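Residue numbers (our numbering): 20 to 549.
We put the CB at the ideal spot given by N, CA and C, even for glycine.
Being a predicted model, the structure only gives us computed values, none of them experimental.
Below you'll find the structure, written out as structure tokens, and then a few comments.
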Amino acid sequence: MPYKTIKKYIKTDKLKASLVKAAGVVLPASTSYDVLLEELFSDIVKNSTYDDSKDLVDLIPTHKLSLIGRKYESERSLPGFNIDEFINRYFYNLPSKSGLLNGTYILPIDKYITNLWSELKVTNRRNRGSLQMLPNSYIIPGGRFKEQFYWDSYFIMLGLAADHQWDMIDSLMKNFTYMIRKWGFIPTANRSYFLSRSQPPFYAQMVNLVATKQNKSSVYITYLPYLIAEYKFWMRGKNLAAKSNNGSHRRVVNLAKDAYLNRYYDKYTTARPESFKEDNDMVGKLPDEAQPQAYLDLRAAAESGWDFSSRWFVDPYDISTIQTTKIVPIDLNCLLVILEQTIAKAYRIIRNYVAAQKYTKLAEKRIENIQTFCWDNKINFFVDYNFHTGQPSERITLAGIFALYAKVATEEQARKMVELIKTSFLKNGGLVTTLIDSGQQWDAPNGWAPLQWVAVQGLRNYGYSELADTIRQRWIESNKLVYEKHSKLFEKYNVENPQLWATGGEYTLQDGFGWTNGVLKAFLAEEHDV
């Protein structure tokens with residue numbers, strides 16, 4: 020959905036195209052070698068010493084792929100051919116950005132984060148292998164993650180805002196605008212293999228952050244076309260959902276007459292290139308007829324950002340029972356409420372009250388549907404909804420806190436949720452992600468910075484400031500404890516025992532780390548303001 024399609028949305032919603040600020044020249048996307056040289060990629064996966072599939076698909080060719088392909092065909096059968104030597108001759112990879120700035124002493128953690136922004140800053144104005152160019156500099160999470168990720172960036176922006184680095188926030192926003200102009204949506208990150216899926220839609224919150232800082236209503240006018248494009252992406256297929264056999268199409272689910280909510284999805288039913296080995300190892304054990312759906316559910320879970328969690332499994336301890344596309348996620352739909360409300364606000368600013376009312380009603384209807392399908396009276400918490408079984412999910416997860424963040428819950432529901440948060444989710448180091456220790460990284464005993472922030476803001480929305488401050492302080496202390504021991508900040512933390520490493524997942528624990536830095540910096544700034 021390129022810029023010409025976005026122009027159609029602008030005309031449809033009666034917003035002049037002249038209000039759209041160009042984000043840079045839109046260049047064609049490059050295709051990585053795993054697609055163009057499929058046989059070579061397959062052989063590398065099977066025979067190379069690379070442990071991480073992402074390292075493989077992130078390789079950058081030193082010559083034209085056509086030449087590399089010919090060289091491979093002519094050399095592969097020669098005696099003594101070594102696949103790793105071939106890779107080193109014709110490919111290279113970008114160095115990982117480590118969070119360790121100086122191993123001889125420890126900076127105060129606040130200063131460390133400030134210094135780290137420049138270490139994690141990247142400029143890439145040309146396509147390199149699977150890495151897609153962006154017109155402006157950006158902040159990467161760190162470690163194996165060398166791209167501008169979607170939902171990571173919102174939490175990075177919080178830290179940048181606390182450090183008054185608004186020029187960098189502006190660069191990130193311009194890059195996201197460029198992505199929407201180029202691809203019609205914001206992908207997981209600027210990699211060719213991420214162009215079929217997105218991530219939790221925090222774009223509206225990014226716009227709200229910038230508008231609040233600048234105190235200018237014109238910010239909403241500037242970004243309105245892109246907010247609309249973002250919304251159209253998530254709602255594409257709504258007219259077909261009710262007609263399908265299972266009431267769903269793409270990312271839209273029809274739950275009853277005129278009752279729509281959304282799910283995570285991907286258009287491909289193959290292994291994720293960045294997890295090629297892991298996906299094929301797991302799915303290969305399933306019956307042939309079950310494999311395409313399993314690949315799709317793995318991809319959909321990756322779009323959720325919670326890759327992986329018992330939240331998505333039939334058997335909480337068995338990833339092969341993954342069923343992501345059967346689930347209506349509570350957090351996704353709460354974020355879409357915020358998106359609808361933000362679009363309505365922008366239309367009110369330009370005095371298009373008909374359009375404003377349209378999106379206001381869409382938000383109200385979504386809240387009504389969330390209340391109907393995602394509130395569990397038995398446990399007094401918001402949960403996901405399994406639209407295949409017609410029942411609320413059996414998994415109690417911290418995703419339910421998004422109902423407070425988006426102000427979807429009633430005061431009475433909030434009161435009941437607080438009790439469960441206190442008794443079940445609150446641990447020594449902050450809030451635990453789920454109540455099941457499955458070995459997956461988005462489960463107990465792990466805690467993640469984005470969920471701590473969402474919980475704190477959500478609780479404040481309903482007046483539970485004391486509990487919010489307790490969560491904030493425990494998270495700060497667990498981050499400091501690990502930092503003092505290892506001189507780094509990490510992607511996730513063991514909140515049940517902050518002395519121990521956080522474990523689980525398809526890769527080793529990553530440092531850096533973008534969203535941890537951002538949330539911690541924002542929390543520390545609040546402490547200074549008290």
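Where the alpha helix (DSSP H) through residue i begins and ends
i	result
Val271	Looking at the DSSP string, Val271 is not in any alpha helix (DSSP H); the run it does join, the beta strand (DSSP E), is 271 to 275.
Ala321	310 to 323
Tyr372	372 to 393
Glu92	84 to 94
Gln492	484 to 505
Trp136	128 to 138
Asp300	295 to 302
Leu528	Unbroken run through Leu528: none, as it is neither H nor E.
Ala425	Looking at the DSSP string, Ala425 is not in any alpha helix (DSSP H), and its letter there is neither H nor E.
Tyr222	222 to 233
Ala290	Neither: Ala290 is in no alpha helix (DSSP H) and is coded neither H nor E.
Pro244	237 to 254
Leu97	Leu97 -> no alpha helix (DSSP H), and no H or E assigned at all.
Ala261	Per DSSP, Ala261 belongs to no alpha helix (DSSP H) and is neither H nor E.
Same chain, Cβ closer than 7 Å to residue i, five either side skipped, listed in chain order
i	result
Met192	Met225, Val229
Lys435	Asn399
Tyr378	Glu359, Ile362, Ala363, Tyr366
Ile128	Lys499, Tyr502
Arg493	Asn447, Gly448, Gly449
Asp456	Asp462, Ala463, Pro464
Identified DSSP bridge partners for residue i
i	result
Thr453	Thr416
Pro411	Tyr404
Lys446	Gly449
Ile341	Phe332
Arg147	Leu150
Arg200	Partner(s): none; Arg200 has no beta bridge.
Val141	Tyr157
Phe164	Gly161
Arg210	Leu150
For residue i, the three-state DSSP class (helix, strand or coil)
i	result
His268	strand
Leu354	helix
Ile346	strand
Ile205	coil
Tyr336	coil
Asn465	strand
Asn112	coil
Thr31	Only weak support exists for where Thr31 lies, its pLDDT of 44 falling under 50; the value from the coordinates is given anyway. Three-state DSSP puts Thr31 in a helix.
Ile158	strand
Val76	helix
Val54	helix
Asp182	coil
Tyr512	strand
Arg434	helix
Ile25	With a pLDDT of 46 at Ile25, under the threshold of 50, the predicted position of this residue should be treated as unreliable, though the coordinate-derived value follows. Three-state result, Ile25: helix.
Gln476	helix
Tyr173	helix
Gly533	helix
Gln360	helix
Lys540	helix
Neighbourhood of residue i by C-beta, 6 Å cutoff - its chain only, sequence neighbours within 5 removed
i	result
Trp170	Gln218, Pro219, Phe221, Gly324
Tyr91	Leu59
His407	Lys345
Ser215	Asp285, Lys286, Tyr287
Phe532	Pro160, Gly161, Leu508, Phe509, Glu510
Leu179	Met187, Ile188
Leu113	Lys165
Range covered by the beta strand (DSSP E) that runs through residue i
i	result
Asn281	278 to 281
Neighbourhood of residue i by C-beta, 8 Å cutoff - its chain only, sequence neighbours within 5 removed
i	result
Val272	Ala260, Gly266, Tyr279, Leu280, Asn281, Arg282, Val347, Phe406
Arg255	Arg269, Arg270, Val271
Gln184	Trp136
Glu249	Ile199, Phe204, Ile205, Pro220, Tyr222, Ala223, Leu358
Ser190	Asn155, Ser156, Tyr157
Worksheet item: Hey, is the segment 438 to 447 in contact with the segment 396 to 403, meaning 3+ C-beta pairs nearer than 8 Å?
Response: yes
Discussion item. Does the segment 95 to 107 come into contact with the segment 127 to 142, if we say contact requires no fewer than three beta-carbon pairs (one atom in each stretch) closer than 8 Å?
Written reply: no
Item to complete: Examine the Cβ distances between the segment 73 to 85 and the segment 169 to 189 and report whether three or more of them are shorter than 8 Å.
Response: no
Worksheet item: At a cut of 8 Å, does the segment 139 to 158 reach the segment 512 to 520 through at least three beta carbon pairs?
Response: no
Worksheet item: Do the segment 473 to 484 and the segment 407 to 424 meet, that is, are 3 or more Cβ pairs less than 8 Å apart?
Response: yes
Practice prompt. Say whether the segment 299 to 309 touches the segment 326 to 337, bearing in mind that this needs 3 or more beta-carbon pairs closer than 8 Å, one atom from each stretch.
Written response: no
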